[in-house]
Amino acid sequence: MSLRAQIMDDLKAAMKAGQSEKVAQIRGITAKLKDLEVAARAKSGEVTEAEMISALRSMIKSRTESATMYRQGGRPELAEKEEGEIATIQSYLPPELDEGTLKAAINEAVTAVGAEGMKDMGKVMAALKERFGSDLDPARASGLVKARLSA
């Protein structure tokens, strides 16, 4: 089942179950994906699963930043709302690679591209993206790659 179909099925189920908060969260996701599709029509016409996953990851990043700011501003109820949206969005992402697998893959990529320092970070990230595609969380991977190349 495609990601879009899964999201629409979940939306219908939440509507039937009367889960208004979940309906609102999923509608936010569908709105973002619709924006992505409209933008893609002007270019190539089709949105890939990888582009959808990338959009979902950017939604999580912005909501994480918002939740942090709400907590610092003394608004825990708004932070909890953002965290609920994060949990809903994460349910549509592929499972994350475990730490050991990711570190081993980074070591292999560093060796494969002959990386010697931070100037080669782009090459290492490109190799990881090629190997894992949308299963790779670029933000998490870049932190580990920086740590590996700085050592």
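Start counting the sequence shown at 243; every next residue gets the next number (the numbering used here). Note that the Cβ used here is the ideal one computed from N, Cα and C, for glycine as well. Bear in mind that the values here come from a model prediction, so they are computed numbers and not experimental data.
- Collapsing the DSSP output to three states places THR353 in a helix.
- Between VAL289 and LEU278, the C-beta spacing is below 8 Å.
- By the 16-neighbour rule on beta-carbons within 10 angstroms, ASP252 is buried.
- Of the candidates LEU335, SER244, ILE268, ILE268 places its Cα closest to the Cα of LYS254.
- Shown here for MET363: same chain residues with a beta carbon closer than 8 Å to its own, the five before and five after excluded, namely ALA357, SER384, VAL387, LYS388, LEU391 in chain order.
- Shown here for LEU344: same chain residues with a beta carbon closer than 7 Å to its own, the five before and five after excluded, namely ALA383, LEU386 in chain order.
- Residue environment analysis places ALA321 among the buried positions, since at least 16 neighbouring C-beta atoms fall within 10 angstroms of its C-beta.
- Each of PRO336, PRO337, GLN332, GLU372 was checked against the Cα of GLU350, and the nearest Cα belongs to GLU372.
- Within the same chain, no Cβ atom closer than 7 Å to the Cβ of GLY260 is found once the five residues on either side in sequence are excluded.
- Relative to ASP377, the option among MET311, LEU275, GLN332 whose CA is nearest is GLN332.
- For GLY359, the closest alpha carbon among the candidates MET311, ALA393, ARG317 is that of ALA393.
- The beta carbon of ARG305 is closer than 6 Å to those of GLU324, GLU327, ILE328 in its chain, skipping five residues each way along the sequence.
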